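Trainee: Take a look at this one; I'll ask things after.
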Amino acid sequence: MTENSVNRKIIATTSNKRKHEQEDKTVNTLSKQAKREQSISKGNVVNKVKTNLKIEAKDEDGSDSTKQEEDDDVNGFDEDQGENDNTFKWWENPEDLDGEVKWETLEHNGVMFPPDYEPLPSNIKLYYDGKPVNLPIEAEEVAGFFGALLESDHAKNPTFQKNFFEDFKTVLKECGGCPDADIVSFDKCDFSKIFQYYDDKREQKKALPSHEKKKMKEEKEKTEEPYKFCLLNGRKEQVGNFRIEPPGLFRGRGAHPKTGKLKRRVNPEDITLNLGKEAKIPDAPPGRKWGEIKHDNTVTWLAMWKENIMGSVKYVRFSQNSSFKGMSDFKKFEKARELKKHIDAIRKDYRSKLKSSLMIDRQIATATYLIDVFALRAGGEKKDDEADTVGCCSLRFEHVFLKPGNTVIFDFLGKDSIRFYQEVHVDPQVFKNLKIFKKEPKRPGDDLFDRLDPSILNKYFQGFMNGLTAKVFRTYNASKTMQDQLDKIPNEGTINEKVVAFNAANREVAILCNHQRTVPKAHQAGVEKINEKIEEMLWQKIKLKRIMLQMDKTVKKKHKEFFEEIEDLTKEKEMEIVERWCKKEIDRIENKFAKDSVKLGYEEKSMSKVDFKEKLMKLKEDHDKKLSKAKELTKQYKSEALKQKYEEKSTYTIEKLKVQVEKLEERIKNTNLQLKDKEENSQVSLGTSKMNYIDPRLTVMFAKKFNVPIEKLFTRTLREKFAWAIESADENWRF
DNA sequence: GAAAAGACTTAGGAGTTCGACA
DNA sequence: TGTCGAACTCCTAAGTCTTTTC
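Following this line, the structure appears as structure tokens:
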């Protein structure tokens with residue numbers, strides 16, 4: 001029996017017992033808040049389907065089953081799937097995972113189209129050569145796409161500008177040209193009025209009162225509801241991207257040659273729907289029709305269209321928490337676990353082949369080493385109209401530098417044009433091989449692995465294990481690294497400390513997989529701000545201790561260590577902190593006043609003049625009061641710092657002050673932890689590995705074993721995506 | 001057998017919401 | 001209670017791998 005089937009059997013035989021135990025376990029792992037979320041989300045699903053998914057399913061005898069469906073919902077939904085629980089627990093019967101046919105019946109309401117273009121007000125125009133011009137509406141829309149992005153990095157990219165302008169001119173030509181000017185030069189176009197218009201709109205939306213925002217959100221949800229769910233084999237499932245992508249400018253990453261090109265509007269005629277043969281075909285928007293209707297039950301998409309930039313196909317699929325995605329994840333991680341049994345043999349084989357007399361074998365062995373040790377991607381061939389990025393098989397001469405001492409520097413752009421830069425020590429034979437692969441007549445621009453492509457490599461892998469491909473190595477090594485890191489964590493400390501330790505393990509995996517993010521623009525400023533905050537908290541703490549001594553000098557003798565740090569804060573440093581604190585406080589008050597004034601300005605039209613005047617007066621009064629209070633405090637703190645004598649409030653007691661000091665100490669500790677996390681995570685993105693590479697059962701195991709609520713480790717979305725793991729792994733589970 | 005098409009996963013950034021803190 | 005930054009979700013580009021076509 002394979003480990004895989006053992007695992008399945010364990011899941012199946014324990015599932016009933018687990019049903020009864022689940023509630024107790026849930027108490028341990030889910031907080032009240034998370035449970036509330038769960039029940040709300042389940043309730044919503046039932047309600048939404050009851051009221052909105054008005055799909056008329058026909059039974060085999062042709063009768064209308066909609067009523068029965070509704071009755072089922074009312075009665076608690078799908079009783080065969082567990083009492084009061086509408087979740088389809090496919091993981092309790094994971095045998096039916098494979099097979100050509102993916103579903104028996106599939107019903108859905110089609111897709112949701114973006115709103116039609118809303119023309120600009122008549123006073124907002126593109127300026128050409130200094131003069132406002134009237135554009136045909138189709139061209140105005142395209143100019144608007146660019147105008148809205150004017151302040152972004154994209155709009156400053158010459159390729160983006162060039163591609164946009166070419167497509168803009170094409171659209172102009174298609175609709176008869178501009179009546180006021182012959183638009184031929186990008187440099188003569190001034191989009192600033194258009195930018196200002198969209199920017200104001202954004203600001204106005206942001207400044208809307210919260211009840212307005214809530215109302216808008218509710219309306220949006222109402223229109224989306226019919227598309228959010230579908231019926232798969234009679235069961236409700238959530239649809240993922242049911243909103244058709246709106247038109248806009250293509251935002252290719254890195255140096256993409258097509259970045260900035262016009263992404264055209266997708267029409268119903270462009271869309272192919274995939275439904276069950278018996279399912280009702282949803283109505284196309286009035287006066288329109290669908291491109292094609294398919295009944296292909298060997299695939300899992302609900303709709304597709306061809307996009308005009310790269311000519312590739314876009315699909316509407318099931319959401320991440322659907323049974324399809326869950327099963328697929330489960331299979332992926334089981335495949336990676338299967339690799340455990342073969343990895344020793346594979347490593348032995350490729351190590352021996354590193355010295356093979358056949359060039360192809362040497363290249364296969366060396367590439368496998370890089371994929372296994374440095375978690376490189378396979379690296380398929382790219383076309384000229386794509387960004388120049390590489391993976392293992394497509395590495396070129398210039399991406400690999402060899403240094404004495406078997407040291408190799410890899411420097412290339414990987415997926416999404418993310419730089420992979422690593423200086424590493426490699427196996428001496430790998431070093432020799434790389435030297436051979438770079439030997440003359442090869443020169444920059446030439447492939448390092450000139451005999452290889454991913455399909456050759458994957459064929460080699462499949463000789464060891466069915467279904468083994470290059471990407472399985474990444475999943476295997478990521479999850480294996482996580483397991484090893486988690487094994488090192490001692491089961492002690494606070495929940496926060498355990499979470500920090502978990503994140504550190506997660507970070508190791510993210511670094512292995514080279515999951516980066518651009519350092520946020522405000523990162524350095526943020527770090528400085530936190531450091532200032534820590535200084536201010538230390539100042540407050542020392543002040544409190546000094547007050548304690550003012551009140552009772554004898555306490556110092558009893559708690560010598562406790563008071564040691566009060567000497568650390570010099571008069572000069574204290575003055576510096578006080579001045580900074582006071583300046584920030586005054587800035588804060590002034591900023592708030594400015595913001596509130598703008599907000600009131602937006603509301604002016606909706607109130608009487610008297611009301612407006614009254615509100616403005618009140619705002620000014622509040623502001624003046626706060627400002628004078630802040631100025632008084634400034635005076636007080638400065639005088640305290642100068643005299644090194646602090647105001648004692650009548651409510652102070654030694655005990656109360658001690659409690660305040662302890663609270664500050666706790667906050668300083670937490671802020672220091674936060675700073676450490678911020679620094680270490682500034683360039684590393686933990687989410688991608690957590691979502692795609694780390695077997696979620698490892699996280700569940702950690703949560704249960706270390707008594708950390710699962711919602712500290714998985715967001716709501718991840719808890720839904722990995723429901724199967726939360727229910728099937730216990731504290732002893734191992735990858 | 002190579003290239004193209006098709007179907008799926010993986011990925012970072014933009015936009016939105018949440019929660020800590022003053 | 002309001003503000004601001006962090007956390008989270010959404011969006012869609014960019015990969016991998018399989019299947020189909022020529």
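Last residue of the first sequence: 735 (the UniProt record's numbering), numbering continuous. The C-beta atom is built at its ideal place from N, Cα and C for all residues, glycine as well. Computed from a predicted model, the values in this text were never measured in an experiment.
Over what stretch of residues does the beta strand (DSSP E) that includes Glu292 continue unbroken?
Mentor: First-last of the beta strand (DSSP E) with Glu292: 292–294.
Trainee: Exposed or buried, which one is Asn28 when buried takes at least 16 other CB atoms within 10 Å?
Mentor: Residue confidence for Asn28 is low, a pLDDT of 33 falling below 50, so the modelled location carries little weight; the figure read from the coordinates is stated next. Classification for Asn28: exposed.
Trainee: Among residues of its own chain, excluding the 5 on either side of Arg347, which ones have a beta-carbon nearer than 8 Å to its beta-carbon?
Mentor: Correct list, in chain order: Asp372.
Trainee: Mark Ile244 as exposed unless 16 or more other C-beta atoms lie within 10 angstroms of its C-beta, in which case mark it buried.
Mentor: Ile244 should be labelled buried.
Trainee: Taking all protein chains shown into account, decide if His154 is buried (16 or more other Cβ within 10 angstroms of its Cβ) or exposed.
Mentor: When all chains shown are included, His154 counts as buried.
Trainee: Find out if the Cβ-Cβ distance for the pair Ala148, Leu172 is shorter than 8 Å.
Mentor: No, they are not a contact pair.
Trainee: From Leu126 to Asp182, what distance separates their C-alpha atoms?
Mentor: So the alpha carbons of these two residues sit roughly 13 Å apart.
Trainee: Would you say His523 and Ser685 are within 8 Å of each other, going by their C-beta atoms?
Mentor: Going by C-beta atoms, His523 is not nearer than 8 Å to Ser685.
Trainee: State the beta-bridge partners of Cys513 as determined by DSSP.
Mentor: BP columns for Cys513 are empty, so no partner.
Trainee: For Asp695, I'd like the list of residues in its chain whose CB is within less than 6 Å of its CB, leaving aside the five on either flank, ordered along the chain.
Mentor: So the qualifying residues of the chain are Phe333, Ser479, Phe735.
Trainee: Based on DSSP bridge pairs, tell me the residues matched to Glu237.
Mentor: Glu237 pairs with Cys230.
Trainee: For His154, which of helix, strand or coil comes out of DSSP?
Mentor: If DSSP states are grouped into helix, strand and coil, His154 belongs with the helices.
Trainee: Quick check on DSSP: helix, strand or coil for Val142?
Mentor: Note: Val142 maps to helix in three-state DSSP.
Trainee: Could you give the residue range of the beta strand (DSSP E) that holds Asp611?
Mentor: Segment 609–643 is the alpha helix (DSSP H) holding Asp611; no beta strand (DSSP E) there.
Trainee: Assign Leu549 to one of three DSSP states: helix, strand, or coil.
Mentor: DSSP places Leu549 in helix when its eight states are reduced to three.
Trainee: Exposed or buried, Pro268, counting other C-beta atoms within 10 Å across all chains shown (16 or more means buried)?
Mentor: Buried: at least 16 other Cβ atoms inside 10 Å.
Trainee: Please state whether the Cβ-Cβ distance between Glu100 and Leu275 is less than 8 Å.
Mentor: Contact: no.
Trainee: Where are the alpha helix (DSSP H) runs, 4 residues long or more, that stay fully inside the stretch 174–220, in chain order?
Mentor: Whole alpha helix (DSSP H) segments, 4+ residues: 192–206.
Trainee: Would you list the residues sitting across from His425 in a DSSP beta bridge?
Mentor: In DSSP, His425 forms a bridge with Thr407.
Trainee: Roughly how many angstroms lie between the CA atoms of Ala630 and Arg507, to the nearest whole one?
Mentor: Approximately 43 Å between the Cα atoms of the pair.
Trainee: Distance, Cα to Cα, Gly526 vs Glu574?
Mentor: Each residue's alpha carbon lies about 22 Å from the other.
Trainee: One question on the structure: do Leu402 and Cys392 come within less than 8 Å of each other, judged by their Cβ atoms?
Mentor: No; because the gap between Cβ atoms is not below 8 Å, this pair is not in contact.
Trainee: Helix, strand or coil, according to DSSP, for Phe318 in the structure here?
Mentor: Phe318 falls in the strand class under three-state DSSP.
Trainee: For Asn93, name the three-state secondary structure that DSSP assigns.
Mentor: It is coil, neither helix nor strand.
Trainee: Hey, would you say Gly380 sits closer than 8 Å to Pro454, going by beta carbons?
Mentor: Contact: yes.
Trainee: Could you tell me which uninterrupted alpha helix (DSSP H) segments, each at least 4 residues in length, are contained entirely in the stretch 454–489, listed from first to last along the chain?
Mentor: As far as the stretch 454–489 is concerned, its whole alpha helix (DSSP H) runs of at least 4 residues are 454–462, 470–487.
Trainee: Would you call the stretch 495–514 and the stretch 705–723 touching, i.e. three or more CB-CB distances under 8 Å?
Mentor: Counting Cβ pairs under 8 Å, three or more are found: they touch.
Trainee: To the nearest angstrom, how far is it from the Cα of Asp484 to the Cα of Phe702?
Mentor: Using only the alpha carbons, I get a separation of about 12 Å.
Trainee: Please report how far the alpha carbon of Gln683 lies from the alpha carbon of Ile293, in whole angstroms.
Mentor: Cα-Cα distance, rounded: 46 Å.
Trainee: When we look at the beta-carbon of Lys467 and count the other beta-carbons within 10 Å, is it buried (16 or more) or exposed?
Mentor: A small fix is needed here, since residue 467 is Gly in this sequence, not Lys. So Gly467 ends up on the exposed side.
Trainee: So, Lys571 versus Gln644, is the Cβ gap smaller than 8 Å?
Mentor: Contact flag set, yes.
Trainee: Taking 7 Å as the cut-off, is the CB of Glu508 close to at least one heavy atom of the ligand MN?
Mentor: Of ligands this structure carries none, so the ligand MN is not represented either.
Trainee: With three or more C-beta pairs closer than 8 Å as the rule, is the stretch 236–250 touching the stretch 312–324?
Mentor: Short answer: they touch.
Trainee: So, is residue 739 buried or exposed, given that buried needs 16 or more other C-beta atoms within 10 angstroms?
Mentor: In the structure as shown, the chain begins at 1 and stops at 735. Residue 739 is therefore absent and cannot be evaluated.
Trainee: Using 8 Å for Cβ pairs, my map puts Val519 next to Thr481. What's the rounded Cβ distance?
Mentor: Rounded, the Cβ-Cβ distance is 24 Å, inconsistent with contact.
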